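Numbering (numbering that gives the first Met the number 0), first residue to last: 0 to 362.
These notes concern the structure reproduced below.
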Amino acid sequence: MASPLTGTVLNKKWKLGALVGSGGCAEVYEAEATGSRGQSADGPFVAKIAPVPVALPLAAKKGRYAYKRKTEEEKHADMIHYEHVLYTASLAKHVGVVEIPRNGYGEDQNLRYLVMTRLGLDVEAALKTSKGWSVARKTGYARQMLALLRALHEKCQMVFIDVKPENFMFGVPGSADEDKIFLIDFGLSTRYVAPRGGIKPQGQSAQIQGTAEFLSLKCHGGASAGRCDDLESLGYVIVSMLKEGDRALPWSGSSSVKDGLAAKKSATLEALCRGCPAGMLEYMKAVRGMEFEEAPDYDKLDAVLKSMESAGAAAGREGERRTRRGYTQGSGHRRRRWRFDPRNIHYRRRVTAGGAGRGGACR
């Protein structure tokens, strides 16, 4: 069934198509430019849409207007405006950031919209639909993610906060960017540098910001985010990629934010990284050990991920060599060597059943 907004034309510039997805703050639709005038980026496009509540006059009280707390709808509409400002003022032309076409932001029919170039699948969806990524490929993508966060931290002096697999997306399949990762959804991003210079002090709040499953331990407890927290969250994203499961993290599937925090506190880094390459534990110890105001050593973290990528690629090549030359079966003194012979049906059946050829090289 078509969404209620499908077919809507906004400001005679953008026609909404099918609903692509929805979140807590906005819905995302396919979008088509109704004319070339004023639009600069190449399509296809998507539009992020949030309703703008009809403004009501504030009640007067003793000659003064009473304080009016913003509704959730108003906050969601504000986030789209905030994203527009970030994209145009701070993020424009940055590597790994989608392009916003001219006239890509506006309001019409009590809707606030932000149009951007369409991307492919997010990392989580791509991993689920793939035939399996090698460790080398996963850690190669992780290095791209680290580079995107580094650029945001160093060039924009901002922290992302909501680091999670869904906010890392691939380019459109079949394009030159299909293997390139983009960072999306900057609605919670904020500057960590104070107006007069220096790092803003870490605050504390009863309400958390971001996705609890991937928040750093401190932010899950209500602390404001710093660069180290973005990098800790990235570590959880990488672990979830390496383990490939709905419950890849020890606290995944917790019934509440409070239960998730308790599980996150009790889980050791060794338990978190069990089953991952050795470098993963080194990465997590490094980011967990950072001070809030400390400038991260991105080169060191990248070197750790690069070593994991290289080790994964080497393991993949060794798996290929074993597949090509056959492998040894059995134990003790009686060991039998299976020689490669494409006519040997027993060999072929063994490879299929035993998975000798699934190690693969970097895809």
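By construction, the Cβ of each residue, glycine as well, lies at the ideal position given by its N, Cα and C atoms.
Quick caveat: nothing in here was measured; it's all calculated off a predicted structure.
6 Å CB neighbourhood of residue i in its chain, flanking five on each side removed
i	result
PRO43	ARG117
LEU304	THR138, ALA141, ARG142
GLU308	ALA135, THR138, GLY139
PRO3	none
PHE291	GLN201, GLY225
TRP250	GLY259, ALA262, LYS263
ILE237	ALA141
LEU182	GLY95, LEU147
GLU243	none
PHE185	GLU82, LEU85
Cα-Cα separation, residue i to residue j
i	j	result
ALA205	GLU165	25 Å
GLY202	ALA211	18 Å
VAL286	THR70	36 Å
VAL171	GLU177	5 Å
VAL96	PRO200	28 Å
SER133	GLU123	15 Å
CYS227	GLY234	11 Å
LYS130	MET144	21 Å
ALA313	GLY103	46 Å
GLY288	ALA30	45 Å
SER232	VAL162	6 Å
HIS152	ARG273	30 Å
ASP245	ARG195	44 Å
GLY16	TYR112	14 Å
PHE339	VAL114	Low confidence applies here, because PHE339 scores a pLDDT of 44, under 50, leaving its location unreliable; read the following figure in that light. Computed Cα separation, rounded: 55 Å.
ASP298	ARG149	10 Å
ALA193	ALA91	22 Å
GLY6	VAL27	14 Å
ALA247	SER239	5 Å
THR128	GLY197	44 Å
TYR86	GLY20	21 Å
GLN156	THR189	8 Å
LEU216	GLY23	23 Å
ASP107	LYS14	12 Å
TYR191	SER89	14 Å
ILE180	ALA125	11 Å
VAL158	GLY105	26 Å
N-terminal and C-terminal residue of the alpha helix (DSSP H) that residue i is part of
i	result
THR128	122-128
ILE237	226-242
VAL134	134-154
ILE79	71-88
LYS92	Neither: LYS92 is in no alpha helix (DSSP H) and is coded neither H nor E.
LYS217	216-219
Where the beta strand (DSSP E) through residue i begins and ends
i	result
VAL45	44-50
VAL27	26-32
ILE160	Careful: ILE160 lies outside any beta strand (DSSP E) and carries neither H nor E.
LYS14	13-21
LEU182	180-182
PHE167	167-169
Contacts around residue i, its chain only, beta-carbon distance under 7 Å, and the 5 residues preceding and following it disregarded
i	result
ILE207	LEU214, CYS218, HIS219, GLY221, VAL256
SER306	GLY278
GLY119	MET168, PHE169, GLY170, VAL171, PRO172, GLU177
LEU187	ILE160, ASP161, GLN208, GLY209
ARG280	In the sequence as displayed, the identity of residue 280 is Leu instead of Arg. Closer than 7 Å at the Cβ level, and outside the excluded window around LEU280, lie LEU268, GLU269, CYS272.
GLN310	The sequence shown places Ala at residue 310, rather than the Gln named in the question. Counting only Cβ-Cβ distances below 7 Å, and skipping sequence neighbours, we find PRO276.
PRO52	THR70, GLU72, GLU73
LEU284	In the sequence as displayed, the identity of residue 284 is Lys instead of Leu. So the qualifying residues of the chain are LEU268.
GLU293	CYS227
Whole-Å CB distance - residue i paired with residue j, under 8 Å assumed
i	j	result
LYS12	THR33	6 Å
ALA25	ILE99	Rounded, the Cβ-Cβ distance is 15 Å, inconsistent with contact.
LEU230	LEU300	7 Å
LEU110	LEU9	7 Å
SER253	GLY259	4 Å
GLU72	PRO50	6 Å
LYS154	HIS75	With a Cβ gap of about 28 Å, LYS154 and HIS75 do not count as contacting.
Own chain, CB closer than 8 Å to residue i, minus 5 neighbours either side, in chain order
i	result
ASP77	LYS69
ALA302	none
Runs of 3 residues minimum, wholly inside the region 94-122: which ones carry the beta strand (DSSP E) assignment? 104-107, 110-116
Next item on the list: Only counting runs of 4 or more residues, tell me where the alpha helix (DSSP H) segments fall wholly within the region 254-311, in order along the chain.
Entry: 256-265, 268-271, 277-287
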